[in-house]
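Quick note on numbering: the working numbering labels position 36 of the sequence shown as 32, and the sequence is numbered without any gaps. The C-beta atom is built at its ideal place from N, Cα and C for all residues, glycine as well. Working notes for the structure below.
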Amino acid sequence: MPIFYDCQRCTACCRWPGQVRLDEATILSIATYLGLTESAFIQRYTRLRADRRGLALLDQPDGACIFLEDSNCRIQAVKPQQCRDFPNRWNFPGFEKLCHALPRAVDDAEYLRLVTQATGLPPETAA
Ligand code: SF4
Ligand code: SF4
């Protein structure tokens, strides 16, 4: 039976080291959501990725994502797909030690429904 991980909104994944990658469509949708031009958004909230192949969100001084505020995502409605997809469409070995999502064994149909609801994409779609 597939396991669906039910996010408990602990925000650990918004605080640990790493990069939140941005594609062009996401840049446009976040900029629009914030009432900024794309260029203003890029200047204010992004940095070059380590591999220099695109942009990622800035961090706050403590390492948390720039959009994490009082345990809430300021751009929840338009947050990047990478954020939506964790931990059901991507994760890493041992993630359960850091992430408080509750594992739930469900049947195939329910898994499809839950993952699609959580991420906006069906589980079989490549991340
Ligand atoms: S964009 Fe939102 S969900 Fe994604 S890491 Fe930042 S605060 Fe967390
Ligand atoms: S996905 Fe996991 S680490 Fe991120 S907020 Fe949900 S429970 Fe916490």
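Nearest by alpha-carbon distance to residue i: which of the options is it?
i: D2; options: A52, D19, V111; result: V111
i: Q113; options: A21, G90, N84; result: N84
i: R45; options: L18, A60, E34, I62; result: L18
i: F37; options: A105, G116, L108, I62; result: I62
i: I71; options: D104, L51, A27; result: A27
i: G50; options: A21, Y29, L30; result: A21
Only counting the same chain, and skipping five residues up and downstream in sequence, which positions put a Cβ closer than 8 angstroms to that of residue i?
i: Q56; result: I62, L64
i: A8; result: L94, C95, H96
So, for residue i: in the same chain, excluding its five sequence neighbours on each side, which residues have a beta-carbon less than 7 angstroms away from its beta-carbon?
i: A52; result: Q15, V16, R17, L18, T42, R43, R45
Counting along the chain, where does the alpha helix (DSSP H) carrying residue i start and finish?
i: A105; result: 104 to 115
Excluding five sequence neighbours on each side, which residues of the same chain lie with their C-beta closer than 6 angstroms to the C-beta of residue i?
i: A123; result: Unreliable placement is indicated for A123, whose pLDDT of 49 sits below 50; the coordinate value is still reported in the next sentence. Excluding sequence neighbours, A123 sits near D81, R85, W86.
i: P119; result: V111
For residue i, which three-state DSSP category applies?
i: E120; result: coil
i: R80; result: helix
Next item on the list: Any chance you could list the beta strand (DSSP E) runs of at least 3 consecutive residues sitting entirely within the segment -1 to 27, in chain order?
Entry: -1 to 2
Note to self: Which runs of the beta strand (DSSP E) at least 3 residues long sit entirely within the segment 22 to 72? Give them in chain order.
What the structure shows: 42 to 44, 51 to 53
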